[in-house]
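Everything below concerns the one structure shown next.
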């Protein structure tokens, strides 16, 4: 086989993994978030519980490398206290659909820095520089941006106040319409 490359095995395909942080909040706040998601994002509600996504759909590295990287970042990161006080429109220029997000003012920088830390080392090349990161909990998916904007305006008029903490990172992948956990790493820094 001098000079020839064995192509019989094909390219290596890594699993598509995500890293999320589940918020710990007061029971009444979790109930409100869950109710909003069930009414306005039934697909997302069935897929995964309320969360901040920190690494989006990455198959850049093998699972063991991915898990080791997330574990290392978690080990040097302290738990993050946050307070969401704003419902924000999340529009997509490539789709008529839009989202409603709960966005923290307190904890915004810490969650963003955690996101940035996760996209170093093994995951550095997976960062999408064309998509700025805004830490958020998705609470609705709507058929149009005006519908999402109206929902957000109503929430903001009533007053949004969801304090909480994230204390662990969860790695998982979507399998048969559910988010299947592959690893959990406590924030220990």
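Residue numbers (my numbering): 12 to 200.
For glycine and all other residues, C-beta sits at the position ideal for the given N, C-alpha and C.
For the alpha helix (DSSP H) holding residue i, just list the boundary residues, first then last.
i: residue 28; result: No alpha helix (DSSP H) holds residue 28; the beta strand (DSSP E) holding it covers 28-32.
Leaving out five residues before and five after residue i in sequence, what residues of the same chain have Cβ atoms less than 8 Å from its Cβ?
i: residue 136; result: 71
Under 6 Å Cβ to Cβ from residue i, same chain only, skipping five residues before and after it: list those, please.
i: residue 14; result: At residue 14 the pLDDT is 43, less than 50, meaning the model places this residue with poor confidence; the figure from the coordinates comes in the next sentence. Nothing listed; no residue qualifies.
i: residue 86; result: 199
Roughly how far, in whole angstroms, is the beta-carbon of residue i from the beta-carbon of residue j, given that I think they are within contact range, below 8 Å?
i: residue 30; j: residue 65; result: 5 Å
i: residue 182; j: residue 189; result: Incorrect: roughly 15 Å between the Cβ atoms, too far for contact.
i: residue 69; j: residue 134; result: 6 Å
i: residue 153; j: residue 109; result: 5 Å
i: residue 159; j: residue 100; result: 5 Å
In its own chain, which residues sit with a C-beta less than 7 Å from the C-beta of residue i, not counting the 5 before and 5 after it?
i: residue 132; result: 80
i: residue 196; result: 81, 82, 85, 179 and 180
Find out if the Cβ-Cβ distance for the pair residue i, residue j is shorter than 8 Å.
i: residue 210; j: residue 126; result: Past the boundaries of the shown model lies residue 210; the chain is included only from 12 to 200, so the question cannot be answered.
i: residue 26; j: residue 168; result: no
i: residue 164; j: residue 102; result: no
Over what stretch of residues does the beta strand (DSSP E) that includes residue i continue unbroken?
i: residue 97; result: 91-102
i: residue 192; result: 189-197
Within 7 Å: the Cβ of residue i and any heavy atom of the ligand NAP?
i: residue 180; result: The ligand NAP is absent from the structure shown, which contains no ligand whatsoever.
query = For the 8 Å Cβ check, are there 3 or more pairs between the stretch 91-100 and the stretch 71-80?
reply = no
inquiry  = Check whether the stretch 38-48 and the stretch 100-107 touch, using three or more Cβ-Cβ pairs below 8 Å as the test.
reply    = No, the stretch 38-48 does not touch the stretch 100-107.
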